[in-house]
Amino acid sequence: MWSAWARVDAEAALAAAGSPLRLAEVIRVVGQRDPARAEALIALHPELAGDGSIWRGLAENLAVSDPAAAVALAWERKAGWQEILTNWSAGNPKEALAWASSLEDGPQKRRSLETVIREWIRADPAAGLNAARQLPPGHTAKVLTAQAIRGLAHQDPDAARKAAALLPDNMGRQAVVAALADGLRTSNPEMAFEVLRDIRWDVLFQQQRMWIRYPDGGSAVQERHEGIPHFDELVRHFAELNPQATAEVILPQA
Numbered sequence: 000m001w002s003a004w005a006r007v008d009a010e011a012a013l014a015a016a017g018s019p020l021r022l023a024e025v026i027r028v029v030g031q032r033d034p035a036r037a038e039a040l041i042a043l044h045p046e047l048a049g050d051g052s053i054w055r056g057l058a059e060n061l062a063v064s065d066p067a068a069a070v071a072l073a074w075e076r077k078a079g080w081q082e083i084l085t086n087w088s089a090g091n092p093k094e095a096l097a098w099a100s101s102l103e104d105g106p107q108k109r110r111s112l113e114t115v116i117r118e119w120i121r122a123d124p125a126a127g128l129n130a131a132r133q134l135p136p137g138h139t140a141k142v143l144t145a146q147a148i149r150g151l152a153h154q155d156p157d158a159a160r161k162a163a164a165l166l167p168d169n170m171g172r173q174a175v176v177a178a179l180a181d182g183l184r185t186s187n188p189e190m191a192f193e194v195l196r197d198i199r200w201d202v203l204f205q206q207q208r209m210w211i212r213y214p215d216g217g218s219a220v221q222e223r224h225e226g227i228p229h230f231d232e233l234v235r236h237f238a239e240l241n242p243q244a245t246a247e248v249i250l251p252q253a
């Protein structure tokens with residue numbers, strides 16, 4: 000009722016609303032047409048300032064004309080900023096990345112960059128990889144780079160393998176190679192096995208445990224292990240160093 004009335008005569012609805020619950024309903028409608036007016040109304044009613052649904056609605060409406068201001072508002076009010084930024088990134092990743100890069104160093108910048116690049120990777124792994132490579136060395140850069148390589152491996156195995164080979168060690172090369180093998184396990188199992196043979200042992204067996212736990216797509220790679228002397232030799236060597244870990248991976252799982 001109050002929403003419908005506010006769409007017809009917002010001022011009359013505001014005057015008659017009375018309770019915070021009704022006021023919030025009316026202000027949400029006002030915010031669809033005039034976010035600034037809605038924000039001013041909230042300032043007049045401090046009891047509504049903690050209503051996240053109002054701020055989220057205002058930010059979503061503001062995102063149509065000014066996505067940067069919308070994300071900033073949603074971040075300040077803890078009202079769905081990540082979803083708004085994700086939508087912006089899906090429509091204009093370059094603009095969203097430029098905005099995120101312009102923020103002062105701190106949690107907002109780090110989390111915003113991660114959100115933008117993660118969405119870009121989902122839509123275009125190659126472009127997302129280029130964006131991730133511009134990040135300063137650190138955990139976030141390593142995680143996003145690995146995700147991009149995994150996504151690219153699904154689309155273009157050769158390009159993914161070449162890109163992984165060019166990455167410096169400070170970008171988490173071993174984790175990237177493991178992600179490459181994971182992405183290749185369905186698109187190019189033979190190449191995935193070739194990659195696995197060059198992985199450090201701890202990374203290799205961590206990857207194998209994951210494939211055993213989530214076998215969909217991994218069986219083709221595991222079949223390549225049988226009868227390959229080089230791999231058998233590696234297994235024997237690792238078994239001497241760590242028999243228990245080897246047994247967990249090689250023996251059939253219950």
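Taking numbering that gives the first Met the number 0, the leading residue of the sequence shown gets 0, the next gets one more, and so forth. Yeah, the Cβ is synthetic: ideal placement off N, Cα and C, and Gly gets one too.
Gly150: first and last residue of the uninterrupted alpha helix (DSSP H) it sits in: On the sequence shown, residue 150 is found 151 positions in, with the first residue counted as 1. Gly150 -> alpha helix (DSSP H) spans 138-154.
Whole-angstrom C-beta distance between Ala163 and Ile148, which should lie under 8 angstroms: As a first step, residue 148 must be located in the sequence shown, where it is residue number 149. As a first step, residue 163 must be located in the sequence shown, where it is residue number 164. Right, their Cβ atoms sit about 5 angstroms apart.
Length of the line joining the Cα atoms of Asp33 and Ala159: As a first step, residue 33 is located in the sequence shown; it is residue number 34 there, counting from the start. As a first step, residue 159 is located in the sequence shown; it is residue number 160 there, counting from the start. Roughly 47 angstroms separates the two Cα atoms.
Backbone CA spacing between Gly49 and Ala42 [nearest angstrom]: The residue you call residue 49 lines up with position 50 of the sequence shown. The residue you call residue 42 lines up with position 43 of the sequence shown. For Gly49 and Ala42, the distance between alpha carbons rounds to 11 angstroms.
Collapsed DSSP secondary structure at Ala62 in the structure displayed: Counting from one through the sequence shown, the residue named residue 62 turns up at place 63. Coil, per DSSP.
Reduced DSSP secondary structure (H/G/I, E/B, other) of Glu10: Translated into positions along the sequence shown, residue 10 becomes position 11. Three-state DSSP puts Glu10 in a helix.
Ala152 and Ser100 closer than 8 angstroms at C-beta: Residue mapping note: residue 152 aligns to position 153 of the sequence shown, counting from 1. Residue mapping note: residue 100 aligns to position 101 of the sequence shown, counting from 1. In this structure, Ala152 sits away from Ser100, with a CB-CB distance that is not shorter than 8 angstroms.
Coil, strand or helix - Pro167 by DSSP: Residue 167 sits at position 168 when you count from the first residue of the sequence shown. Reduced to three states, the DSSP call for Pro167 is coil.
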